[in-house]
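Below is one structure, written out as structure tokens, with a few remarks after it.
In structure tokens, the structure reads:
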């Protein structure tokens, strides 16, 4: 087994170091049928804690809790659709109960008019419920909880990413009130535990729904003690086979604890980077910069808390009189600790480094300004290119039709994407400007271009997701715009937005080049002799393809592939060697689809 593995959730309480107090509190809460809130910053281990307790409760039936883990963000990605949230939870629960022999296959009555055909097929049941009245779709999960009650169990909803559920998935945060009402009823057979970055009362106040408030057993995830961290670290180091390397990592234990604050994920992430790259000293804070950004720029960090973080970055601080609210709330989130001499301090060394850099390092402090400037420039280029394309096509007809709403849509393109909601707004505006703006693609020189398909597929990634994709699969879309992965973190959404805008700019540039090109008709295809654009890629070992990041490989043309004096016979190309090349574009008249060959391939030093 490899050491320092990250990205895999722990599902066994035996492997959760330093969390015995939190585990015992929550087990006691489950026995008392209590509602609970698990508070901690990003990557502090909330998901691992609740998934491990889910496994524990399932194997300890005498407690009576039947846990159901639900993270709307990763399990279904619902956006502003309360009915879909309730429907999804109910279908997952019914499938799980069926697999656990708590619900027999066959019909179960949800209401006088609605019956659910129960099976292990969660998707099938979700489709069944989608035809029902919305109120009956909401009722399904409570009916299933009643079935559990007949078997002396109660439903325990383990709701991860509660802030996303309230702000993004539900139509309104108050739509949680039905669950809240059921869970606080005296004779309730349903309870909930939530995991988030703030206390439940703070979240409810922040989203403007204080009526959702209720008494919760609060559990805060803080930094591990150095003793507990030592147990975790020694266990990870024991997996290193080379003794010299093992001893080097063992010697780094204290420094790693100081820099990561004893947060298991941070320590494993940093150590994994060092182990993979054979480094013998700790890297700077920027190795986990994105995670630190999540802490400082979280929407539930108040201005008072934000200012307090920067104060503590300068050093520990004591308070003679009352403790400021911002300090108390930061401590409740596990971001501030208190020493024996009543000094408050930041336990995560890397966080201190990052905050101090934000105040002193111009590059870090202005990173958001730089990113916004890049966005503005890209969108400005796209605006100008649309006008240029129309001018070039004036004798054939307008490509893009202007609208009074265009300034608004361009404004949305300039807003940095950080989650599914902002990406949905961005994709909608791009769709209107590019696809609808060209009369649903009819005005485009190439209606079937890859970017035209991408624009429509992106529009349906978070909106109308139930539609069967007809232009481009989701897998292909994500391969182009985000290395094949569905974005989850704010920086992934920002990267995806930037990639799409760059592709849009390149597509419009190509339209201008195509308009300046000659068309030569042949029996098999139409060859476009466009103005050549030099591209950069890597040649494969067979010397018949060029590999370009975030793009399918280009086949090297047999006759025109290699530049003079640089053929494989005359130049010893190595696997993955960087090369320069141009494209020869053709369109197959039978299918109408374009494809390209690489030509004039030569080494980069040419």
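Residue numbers (my numbering): 346 to 951.
By construction, the Cβ of each residue, glycine as well, lies at the ideal position given by its N, Cα and C atoms.
Item: When DSSP builds the beta bridges, which residues end up paired with residue 774?; Value: Per DSSP, none; premise fails for residue 774.
Item: Can you tell which of 489, 461, 505, 404 has its C-alpha closest to the C-alpha of residue 419?; Value: 505
Item: Between residue 461 and residue 479, what straight-line distance do the alpha-carbon atoms span, to the nearest angstrom?; Value: 14 Å
Item: Measuring only the C-alpha atoms, how far is residue 670 from residue 696?; Value: 21 Å
Item: Counting C-beta neighbours from all protein chains within 10 Å, is the total for residue 802 16 or more, i.e. buried, or is it exposed?; Value: buried
Item: For residue 565, which of helix, strand or coil comes out of DSSP?; Value: strand
Item: Express the C-alpha separation of residue 842 and residue 758 in angstroms, rounding to a whole number.; Value: 9 Å
Item: Using the C-alpha atoms, what's the distance from residue 729 back to residue 924?; Value: 31 Å
Item: With three or more C-beta pairs closer than 8 Å as the rule, is the region 523-542 touching the region 444-458?; Value: no
Item: To the nearest angstrom, report how far apart residue 816 and residue 827 are at their CA atoms.; Value: 18 Å
Item: Rounded to a whole number of angstroms, what is the C-alpha to C-alpha distance between residue 881 and residue 856?; Value: 21 Å
Item: How would you call residue 471, buried or exposed, if buried means at least 16 neighbouring beta carbons within 10 angstroms?; Value: buried
Item: For residue 503 versus residue 574, is the C-beta spacing smaller than 9 Å?; Value: no
Item: Starting from the Cα of residue 548, find the closest Cα among 643, 483, 484 and give me that residue.; Value: 643
Item: List the endpoints of the continuous beta strand (DSSP E) containing residue 412.; Value: 410-415
Item: Should the region 644-654 be called in touch with the region 672-689, which here means at least 3 C-beta pairs below 8 Å?; Value: yes
Item: Taking residue 578 as part of the beta strand (DSSP E), name the residues at either end of that continuous run.; Value: Residue 578 -> not in any beta strand (DSSP E); alpha helix (DSSP H) instead, spanning 571-582.
Item: Three-state secondary structure (DSSP) at residue 355?; Value: coil
Item: Looking at residue 734: is its Cβ nearer than 9 Å to the Cβ of residue 799?; Value: no
Item: Pull up the DSSP beta-bridge partners for residue 545, would you.; Value: Bridge partners of residue 545: none, in fact.
Item: Skipping 5 residues on each side, what residues in its chain have a beta carbon closer than 7 Å to that of residue 811?; Value: Unreliable positioning characterises residue 811 in this predicted model, as indicated by a pLDDT of 43, which lies under 50. The coordinate reading is nonetheless provided below. Closer than 7 Å at the Cβ level, and outside the excluded window around residue 811, lies no residue.
Item: Go through its chain and collect everything with a Cβ distance to residue 768's Cβ below 8 Å, but skip five positions before and after it.; Value: 762, 806, 807, 832, 838, 841, 842
Item: Starting from residue 287, trace the beta strand (DSSP E) in both directions and tell me its first and last residue.; Value: As displayed, the chain neither begins before 346 nor continues past 951, which places residue 287 out of reach and without an answer.
Item: Tell me which residues share the same chain as residue 351 and place their Cβ nearer than 7 Å to its Cβ, disregarding the 5 neighbours each side in the sequence.; Value: 610, 613, 614, 617
Item: Using the Cβ count rule (16 or more neighbours within 10 Å means buried), how would you classify residue 542?; Value: buried
Item: Rounded to whole angstroms, what is the Cα-Cα separation between residue 411 and residue 570?; Value: 32 Å
Item: Taking contact to mean at least 3 C-beta pairs separated by less than 8 Å, is the region 600-607 in contact with the region 679-694?; Value: yes
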